[in-house]
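The next block holds one structure in the form of structure tokens; read it before the comments.
As structure tokens, then:
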């Protein structure tokens with residue numbers, strides 16, 4: 147049997163803000179190409195899990211491995227020490243993130259939002275970056291908005307640009323942190339359609355996705371695995387059918403009943 | 297009585313020294329712009345001793361008079377081997393003094409950029425330096441340009457202080473003319489009018505700039 151190594155591994159991860167324990171010892175693995183949906187009540191620690199991986203926040207204890215390499219630590223003389231910025235910079239190459247509130251660069255047009263990082267970070271030529279950026283913007287259906295500033299876009303359009311901006315960096319791992327939670331209900335669909343297209347068509351086919359969402363139908367549709375998170379621990383996980391049709395824990399049953407009313 | 301003929305006679309002399317005033321203003325302001333930005337970035341450094349020291353220096357300079365600082369640069373520094381021409385000393389004094397005010401202006405601009413912009417930049421793997429130059433400063437500076445402009449005008453009007461360190465700018469020129477002819481009214485009036493003529497339209501210009509900049513995004 148071929149053993150597949152996980153692309154992401156959380157190892158006894160905890161995170162606390164003062165006395166508030168947000169993550170209470172998470173052991174969790176994601177495999178290459180896997181689409182994992184993280185569900186659970188607000189404030190359960192789902193977002194923190196993604197933010198640790200994006201290196202926006204540092205774990206209080208435990209380690210995270212990405213492709214077998216420690217993310218937040220380096221081994222020096224057999225001792226684990228906090229990694230230097232250079233190491234984090236290296237590790238971030240493979241990870242992209244889409245935020246709940248988009249965070250587009252307001253001083254740049256749609257095109258520049260998407261082509262800035264390829265030029266500055268990847269050192270791509272302007273011509274090549276423009277080509278790649280246009281390809282991604284086309285993919286999210288906004289090719290007619292190239293020279294528009296974010297302020298003139300709807301929330302759904304902003305999020306689609308943010309997705310194109312992350313995709314153009316060709317990350318192996320994409321994190322979606324409640325990508326539709328800040329949107330008006332009528333704009334949710336267009337963003338989900340784009341994410342679905344990436345997930346199904348698989349952009350580069352083997353992109354690993356971690357999706358934090360409250361859209362249960364959507365999670366069921368695109369995810370290979372659903373992870374239910376509550377109060378800083380993983381309560382239950384399994385295939386979408388298992389989890390949604392046959393929830394075992396009372397906590398998940400209660401959580402799901404709120405969506406099926 | 298105001299002697300018009302005398303006024304017309306001395307006008308070219310005063311205008312000739314206007315060059316010194318203008319040079320001191322712009323060179324001092326340029327220094328303040330650069331130094332102010334450096335101070336505001338250092339005060340945001342994640343290395344605690346650096347940010348504390350920076351804040352201490354800013355606090356000290358802001359709370360001591362510009363004139364005292366000018367005297368120090370011009371009269372005390374030479375005792376320690378640094379002798380400067382009046383103009384250079386004046387530019388240095390104005391630049392350092394105003395940099396502490398401008399660093400506050402930069403700070404307000406920088407802090408108005410939402411934290412999410414830093415996070416988005418990090419997620420795209422910009423280095424900290426690239427984040428400053430490509431993402432944060434281009435958003436932080438346009439809104440503060442009018443305030444910076446107003447400081448430029450304020451600084452321009454402070455340049456007569458440099459006469460205290462023997463710089464012959466327009467006020468000093470008028471004073472010398474007065475001392476030689478016992479006619480002070482004409483010279484000082486001309487100096488006042490020159491300051492007004494240059495300051496007022498500039499402040500109007502800055503106001504219209506403000507309106508245009510705030511429309512952009």
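Residue numbers (this note's numbering), protein chains in the order written: chain A, 147 to 407; chain B, 297 to 513.
C-beta: ideal position from N, C-alpha, C; glycine also.
For residue i, count the other beta carbons within 10 Å of its own beta carbon; 16 or more makes it buried, fewer makes it exposed. Which is it?
i                     : result
residue 393 (chain B) : buried
residue 259 (chain A) : buried
residue 299 (chain B) : exposed
residue 453 (chain B) : exposed
residue 435 (chain B) : buried
residue 421 (chain B) : buried
residue 224 (chain A) : exposed
residue 447 (chain B) : buried
residue 369 (chain B) : buried
residue 485 (chain B) : exposed
residue 321 (chain A) : buried
residue 326 (chain B) : exposed
residue 382 (chain A) : buried
residue 164 (chain A) : exposed
residue 411 (chain B) : exposed
residue 291 (chain A) : buried
residue 402 (chain B) : buried
residue 497 (chain B) : exposed
residue 459 (chain B) : buried
residue 361 (chain A) : buried
Closer than 7 Å by beta-carbon distance: list the chain A residues that pair up with residue i, in chain order.
i                     : result
residue 423 (chain B) : 235
Can you tell me whether residue i is helix, strand or coil according to DSSP?
i                     : result
residue 246 (chain A) : coil
residue 411 (chain B) : helix
residue 342 (chain B) : coil
residue 298 (chain B) : coil
residue 183 (chain A) : strand
residue 219 (chain A) : strand
residue 356 (chain A) : strand
residue 398 (chain B) : helix
residue 200 (chain A) : coil
residue 228 (chain A) : strand
residue 362 (chain A) : helix
residue 372 (chain A) : strand
residue 212 (chain A) : strand
residue 382 (chain A) : strand
residue 167 (chain A) : strand
residue 253 (chain A) : coil
residue 328 (chain B) : helix
residue 445 (chain B) : helix
What residues from chain B crowd round residue i, counting only those whose CB sits closer than 8 Å?
i                     : result
residue 247 (chain A) : 412
residue 202 (chain A) : 415, 418, 419
residue 315 (chain A) : 420, 421
residue 155 (chain A) : Per Cβ cutoff of 8 Å: no residues; residue 155 (chain A) is ~21 Å from chain B at best.
Can you list the residues of chain A that residue i reaches, using a CB-CB cut of under 8 Å?
i                     : result
residue 442 (chain B) : Chain A residues near residue 442 (chain B): none, gap ~17 Å exceeds 8 Å.
residue 430 (chain B) : 262, 266
Could you work out which residues of chain D lie near residue i, taking near to mean beta carbons separated by less than 8 Å?
i                     : result
residue 426 (chain B) : The displayed structure is made up of protein chains A and B, and chain D is not among them.
Under the DSSP definition of a beta bridge, which residues are partnered with residue i?
i                     : result
residue 207 (chain A) : A:160
residue 176 (chain A) : A:154
residue 320 (chain A) : A:242, A:355
List, in order along the chain, the chain B residues whose C-beta lies closer than 9 Å to that of residue i?
i                     : result
residue 322 (chain A) : Those do not exist, as residue 322 (chain A) stays about 12 Å from chain B at its closest Cβ, beyond 9 Å.
residue 410 (chain A) : No statement about residue 410 (chain A) is possible, as the shown extent of chain A runs from 147 to 407 and does not include it.
Starting from residue i, find everything on chain B with Cβ-Cβ shorter than 7 Å and list it in chain order.
i                     : result
residue 243 (chain A) : 419
Any heavy atom of the ligand MN closer than 8 Å to the beta-carbon of residue i?
i                     : result
residue 178 (chain A) : Although the ligand MN was asked about, the structure shown includes no ligands whatsoever.
Meets three-Cβ-pair contact criterion under 8 Å: the stretch 484–499 of chain B and the stretch 410–419 of chain B: no
Counting beta carbon pairs with one atom in the stretch 353–363 of chain A and one in the stretch 172–187 of chain A, are three or more of them shorter than 8 Å? yes
Pairs of beta-carbons, one from the stretch 329–339 of chain A and one from the stretch 295–314 of chain A, closer than 8 Å: are there three or more? yes
I want to know whether the stretch 395–409 of chain B touches the stretch 322–336 of chain B - three or more CB-CB distances under 8 Å. yes
Take every Cβ of the stretch 277–289 of chain A, pair it with every Cβ of the stretch 242–249 of chain A, and state whether three or more of those distances are shorter than 8 Å. no
Between the stretch 196–210 of chain A and the stretch 157–177 of chain A, are three or more C-beta pairs nearer than 8 Å? yes
Does the pairing of the stretch 212–224 of chain A with the stretch 189–203 of chain A give three or more beta-carbon distances under 8 Å? yes
Determine, using beta-carbon pairs with one atom in the stretch 312–321 of chain B and one in the stretch 374–390 of chain B, whether at least three such pairs fall under 8 Å. yes
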